[in-house]
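Residues in the sequence shown are numbered consecutively from 90, following the working numbering.
Below is one structure; the comments refer to it alone.
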Amino acid sequence: MRSLHENPETVGAKMSVLCSFCVHHVTVSGEAVNSNSVCGFPKYTAELYIAFFWKTGYNKEQGNRYRAEKQAISEVQRRSEEMKKKVFAMLTALVLAVCMLPSTVYADRNYTGLALEEGEWIYFNEGVPDASYTGFVDYMDASYLVCNGRACTELNGLQQNPADQKFYFLAEGRLQKHTGWAEYDNHWFILKDGQPDTGQTGLVEYNGGLFAAAAGQVLTDYSGLFLNAGDGIVNPDNRWYFLSNGQVQKQYSGLALYDGHWFYVQNGMLADSLTGIVPHDGAEFYVINGEVAGDYTGAVNYAGKNYLVIKGQVDYDNGTGQKVWIDLTAAKYHLRRDCSGMDNAFQVSVEKARELGRTACKKCFK
Ligand SMILES: [Zn+2]
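Right under this line is the structure:
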């Protein structure tokens, strides 16, 4: 800016330094002047000016000549306009270069931190840009995430810091003390002061739903039975919950497979104290302490009703024939329960007994 306040001679001198081939034809105002130097046309210009005034208003031939001369004058003027523009562009570039100089060189060689350079926030280590730095840097009462020496001002929302792999909530690269839920790559996090709240482990309520979380991260990858217990669990109830993408399926009642075994879930929670007959998908099953008794075949009395259970599943004995007694192991079916000392005998139709491979007892059926 300093050079703009100098007198014209000084500016002219600067211009001649910048452009020695054209500056002699141009004053500070940029108009063409007469001189005998270099390019030739200034002298010609003077002659044309004379011709212009001399010929004005004469005959047609002179008129044509006048037009040709006028055209030549216009050409000269155009060229001097171009020169004028060139010189001013160079002068402007010089002024800008002088003005920008202080922003690219740091007076303080010991400066470590963020500084604006060419529109980007760069991390300087003792006055030198440090592209190897990744992590947070404090600047003006805020903390910025710097990635490879540059403040990541394009980052918003929950982001992962490459330096420690932890998650932070950002607004234009600046750490935000956000508390609440935030999403990252289809995973939900429970934040406190901009970071996952590691105290949030176990079951967490959100928007009327119940979710399983570990160290502030919702277990969105988790579906199936989940034991709410273990180290660091907040308010553990040591119960099993049925999850879908981390959310407790409170509306679900039915069987769920876990580790090769079937369990009965009631309203999203394992019915681990239930022993009896439970419904699932149009059928009924016999469960002992919430687990389907897949090895059990026999009679079950539950809630005042008798059931024939074959390998854990209720068998609807629709046989119309005579009822007979069988047990789990004996090869015969009997008319009398106390015949042949059967263990855990149960009653089925004779068709069912035959279907199960039993044959008639010769004592009962003579
Ligand atoms: Zn018998």
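By construction, the Cβ of each residue, glycine as well, lies at the ideal position given by its N, Cα and C atoms.
Asked	Found
Helix, strand or coil at Arg-328 according to DSSP, with G and I counted as helix	coil
Given Pro-218 as reference, the closest of Gln-249, Asn-199, Asn-250, Asp-230 once Cα atoms are compared	Asn-199
Three-pair Cβ contact test at 8 angstroms for the stretch 327-339 versus the stretch 385-401	no
Extent of the continuous alpha helix (DSSP H) run through Ala-442	439-444
Status (buried if at least 16 other CB within 10 Å, exposed otherwise) for Cys-450	buried
Inter-residue CB distance, Leu-280 and Phe-315 (contact presumed, cutoff 8 angstroms)	Actually they are not in contact, since the Cβ atoms of Leu-280 and Phe-315 sit about 22 angstroms apart, beyond 8 angstroms.
Beta carbon of Leu-292 nearer than 8 angstroms to that of Ala-301	yes
Where Gly-430 sits in the DSSP three-state scheme	helix
Those residues, in chain order, that have a beta-carbon closer than 7 angstroms to some heavy atom of ligand 1	Lys-421, His-423, Leu-424, Arg-425, Cys-428, Ser-429, Cys-450, Lys-452, Cys-453
The stretch 347-360 in contact with the stretch 406-413 per 3-pair CB rule at 8 angstroms	no
Backbone secondary structure at Leu-234 - three-state DSSP	strand
Phe-278 beta carbon less than 8 angstroms from that of Gly-297	no
The stretch 334-341 in contact with the stretch 364-377 per 3-pair CB rule at 8 angstroms	no
Residues bridged to Gln-249 (per DSSP)	Phe-256
Extent of the continuous beta strand (DSSP E) to which Asn-390 belongs	387-391
Distance CB(Val-403)-CB(Ala-442) smaller than 8 angstroms	no
Local conformation of Lys-455 per DSSP, three classes	coil
Span of the beta strand (DSSP E), counted from its first residue to its last, around His-350	350-355
Closest Cα partner of Gln-248 within the set Thr-287, His-276, Glu-209, Ala-419	His-276
Residue from Asn-378, Gly-283, Thr-268, Arg-156 whose Cα sits closest to the Cα of Lys-255	Gly-283
Expected contact under 8 angstroms - CB spacing of Gly-401 and Phe-374 to nearest Å	6 angstroms
Contact under 8 angstroms by Cβ, Val-376 with Leu-363	yes
Assigned exposure category for Thr-290 - 16 Cβ within 10 Å defines buried	buried
Val-425, DSSP secondary structure in three states	According to the sequence provided, residue 425 is Arg. The question's Val does not apply to it. Three-state result, Arg-425: coil.
Cα-Cα separation between Leu-365 and Asp-274, rounded to whole angstroms	The question names Leu, but residue 365 is Gly in the sequence shown. Spanning the two alpha carbons is a distance of roughly 43 angstroms.
Other residues of its chain near Tyr-440: CB distance less than 7 angstroms, five sequence neighbours each side excluded	According to the sequence displayed, residue 440 carries Glu and not Tyr. For Glu-440, where only same-chain residues beyond five positions count, the Cβ hits under 7 angstroms are Gly-408, Gly-410.
Counted within 10 angstroms of its Cβ, other Cβ atoms place Gly-335 as buried (16 or more) or exposed	buried
Status (buried if at least 16 other CB within 10 Å, exposed otherwise) for Val-437	buried
Nearest-angstrom Cβ-Cβ length linking Tyr-222 and Leu-203, presumed shorter than 8 angstroms	Contact doesn't hold; Cβ gap of about 10 angstroms is too wide.
Sheet register partners of Arg-239 (DSSP bridge)	Ile-211, Cys-236
Candidates Pro-285, Ala-252, Met-431, of which the one nearest Leu-417 by Cα	Met-431
DSSP beta-bridge partners of Ala-448	Sequence check: residue 448 is Thr here, not Ala. Answer is Lys-421.
Spatially closest choice to Gly-224 from Trp-210, Ala-240, Asp-230, by CA coordinates	Ala-240
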